[in-house]
Structure formats: C-alpha cells, structure tokens
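Trainee: The sequence shown lines up with residues -32 to -1, 1 to 257 when you count with mature numbering (1 follows the signal peptide of the UniProt record, and there is no 0).
Sharing a structure with you now.
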Amino acid sequence: MTRLAHSLSTRRAIIACGMTCAVAVTMIGACADSSTATETESTDSSATSTQAGLQSAKWGSNVTVSFANGAMRYRSNGIPNHARQAQYALPNPGVRVPGATSAYAGADPTAAQSYDFQIPLVPKKAASPTSTNLGTIGVMISGAALFNPYEGDGTTVAMASNFTVKNAAGANIAFLDVCNGHPTPMGAYHYHALPPCVTSMVDTDGGPSHIIGVAFDGYPIYGDRDINGKQLTAANLDQCGGVTSATPEFPQGTYHYVLLATTTAASSIRCFMGQVSISPAMMMPGMHM
C-alpha cells in the first residue's frame, strides 16, 4: 500500500497534505544510506532527556539514527518499510483537495526522499502551543513522514474525506490506504492518523503502545494504547493530541503525542506543545504541489 497525493496547494511553497515545509528541527541535507544504525556519542541523558527511549525504539532498516550534542539525527529515504497500494486516488491537475469527481487512479508515485533532521533530545515546553504546519511535522520508525490531520487547504480532515475512484479494471482505488497514509503527487509518502501497519511492528494485541516516531519538537509519538493496554480517545488528550503518562520506554512518565484512528482532526498532531523552529519555505523533495 502506499502513495497518494495531495493537490496543488495554494500555499505552494509550504503547503501541505502534500508539501512539506521543513519544520522544526534543523534539516541537514542528504539522505543516509538505508541501514539501521544507532551510532551513539556520549550525550547527557538526564531525567528530561528522551535519548534512552528513542535509542530503544525499533527503527526500520531504512532509517539511520545517531545521537550527539543533545540531538538525534534522523536520516531516511522516506519510503515506508511496509506494503503500499499499487495505485492511489490522485488529484487531477490543479486540484488542492481531491474528491471522487476530481481524482483518478494512478500508479503509486512514492519515491525516495532525502530526509536528514536534527531533533532535540531534551524537548522544552513552549510558552503556548504552536499550530502544526502543512507538510512534515514528525518522522516515523517506518522511515516515512507524519503530517497533521489536514489536506492541502489546511481545514479538510484527510481521514474524513477518504474516497475511492475506479481504475481501468473497475476496481476501487482509495485515497488513503489501510495504513492511513498516502503519497503526495511528487512521491512523499506520509500518514495522517494512527498507522496500524506501523504499530503492528512493535505492539502486541491488548498491550501498551510503544514509540512509533518523534515530532519535530522532540516529543515522542505513540499509538492509542496506554501503559495498561487501554485504548485512548481524544477525551484523554490535550488540544495538541498529547498526554503526560507512563509508557514502556518511560515508566516514570513523559509527555508524548498519541495518534488515533478517527475521522476527526484528533487523528494526528494539531499543534506542537514544545519549542520548535520552522524553516519557512524549505521544502523537502517530493512535497505536495
């Protein structure tokens, strides 16, 4: 399953469901080779550091993470390490938010990206939350990116607007795949909600959620189960989609974001609780049009 797209956003330079404005975290440049390496240099792992938890995360073989100077460097080709659709419902030219009458069934456009980010290991709460940008807002253990809940107009919830179109053989082709993700027309695969294809790699039935990614403000990202395996809902989370509680990696408790399988905006991170610097128009390759 894989690629999907978003439409030509009117904010071209940084828009979204398809474009990725390089946010938070300094974007360093080139994609690393696809070997899972956890290269580590001594870094202060205080009680507020996420290093130990992030080091224990099950990063895919297409992801390289290293730790130095108070940051985790994340490098990936952006192609998720799980199956994708052979075709996706892709927007017609010039369409920002596609629907069944403004999209067509096309071959999965997912293509290699050059993700190279420095993410803080000691996240700091901001004075007030900052709305997440369109485009990449975090990175996942699968090697792919996380987007906020919205399509290219910044208001349409992707999970609420999923649809299908017929391909030449008469089969239904979905906009979002069963992983709650898709590629942009230019090939950047990303998620808009809880990705079961990722949680299934690290969680067990009825057990707690484990780290599945990290947001650009440095706070870890989890699935929708608490430390006791109880399912969480939007009512358990703050306005950004986060909560402070114990997790398998942080038994003493830590602030973290939770992704939900819902058709509301609570499906992904709506705002950053931590400090993050957004680079205005630094788009990563293959972002939305």
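C-beta atoms are modelled at their ideal positions from N, C-alpha and C, and glycine is treated no differently.
In this text, all values refer to a predicted model and were calculated from it rather than measured experimentally.
1) With L58 as the anchor, note down where its beta strand (DSSP E) starts and where it stops.
2) Using the Cα positions of S245 and F184, report the straight-line distance between them to the nearest angstrom.
3) Using DSSP bridges, identify the partner residues of K93.
4) Is N140 helix, strand or coil when you go by DSSP?
5) Closest by CA to residue 258, which one among S29, A51 and K92?
6) Which term fits G138, buried or exposed, when burial requires 16 or more other beta carbons within 10 angstroms of its beta carbon?
7) Can you list, in chain order, the residues of its chain with a C-beta nearer than 8 Å to that of Y72? Leave out the 5 residues immediately preceding and following it.
8) Can you tell me whether L205 is helix, strand or coil according to DSSP?
9) Answer with buried or exposed for P219, where buried requires no fewer than 16 other C-beta atoms within 10 angstroms of its C-beta.
10) Determine the direct distance from the alpha carbon of S70 to that of Q199, and round the result to whole angstroms.
11) Between P97, Y159 and A75, which has its C-alpha nearest Q207's C-alpha?
12) According to DSSP, simplified to helix, strand and coil, what is Q86?
13) Below 8 Å, can you find three or more Cβ-Cβ pairs linking the stretch 83 to 91 to the stretch 161 to 172?
14) What does DSSP give as the partner residues of T152 in its beta bridges?
15) Based on Cα-Cα distance, which residue from G181, T222 and A203 lies nearest to I195?
16) Can you find at least 3 beta carbon pairs, one from the stretch 38 to 47 and one from the stretch 105 to 116, that sit closer than 8 Å?
17) To the nearest angstrom, how far is the alpha carbon of L22 from that of G122?
18) Using the DSSP secondary-structure output, state which residues sit across from A73 in a beta bridge.
19) Tell me the DSSP bridge mates of L227?
20) First and last residue of the beta strand (DSSP E) that includes G106?
21) What separation, rounded to the nearest whole angstrom, lies between the Cα atoms of N205 and A68?
22) Do you know whose CA, among N116, N140 and P66, lies nearest H158's CA?
23) Within its chain, find whatever has a CB closer than 6 Å to the CB of R41; leave out the 5 residues flanking it on each side and keep chain order.
24) DSSP on T(-23), reduced to helix/strand/coil?
25) I need the DSSP call for V211, collapsed to helix, strand or coil.
26) Secondary structure at V133, three-state DSSP: helix, strand or coil?
27) What three-state label does DSSP hand A15 in the structure shown?
Mentor: Taking the structure as given:
1) Here the beta strand (DSSP E) through L58 covers Q55 to P59.
2) 9 Å
3) G242
4) strand
5) What is shown of the chain runs -32 to 257, which leaves residue 258 out entirely.
6) exposed
7) Excluding residues within five positions, the ones whose Cβ falls inside 8 Å are A57, L58, N60 and V133.
8) If DSSP states are grouped into helix, strand and coil, L205 belongs with coil.
9) Exposed: under 16 other Cβ atoms inside 10 Å.
10) 36 Å
11) P97
12) DSSP places Q86 in strand when its eight states are reduced to three.
13) No: fewer than three Cβ pairs fall under 8 Å.
14) Answer is none; T152 lacks a bridge partner.
15) T222
16) yes
17) 30 Å
18) A57
19) Beta-bridge pairing links L227 to no other residue.
20) T104 to M108
21) One detail in the question is off: residue 205 reads as Leu in this sequence, not Asn. Going from the Cα of L205 to the Cα of A68 covers about 33 Å.
22) N116
23) S34 and Q86
24) For T(-23), the pLDDT reaches just 34, beneath the cut-off of 50, and the residue's location in the model is therefore unreliable, although a value from the coordinates is still provided. Residue state, collapsed to three classes: coil.
25) strand
26) strand
27) Per-residue confidence for A15 stands at a pLDDT of 39, beneath the threshold of 50, marking its modelled position as unreliable; the derived number appears in the next sentence. Note: A15 maps to coil in three-state DSSP.
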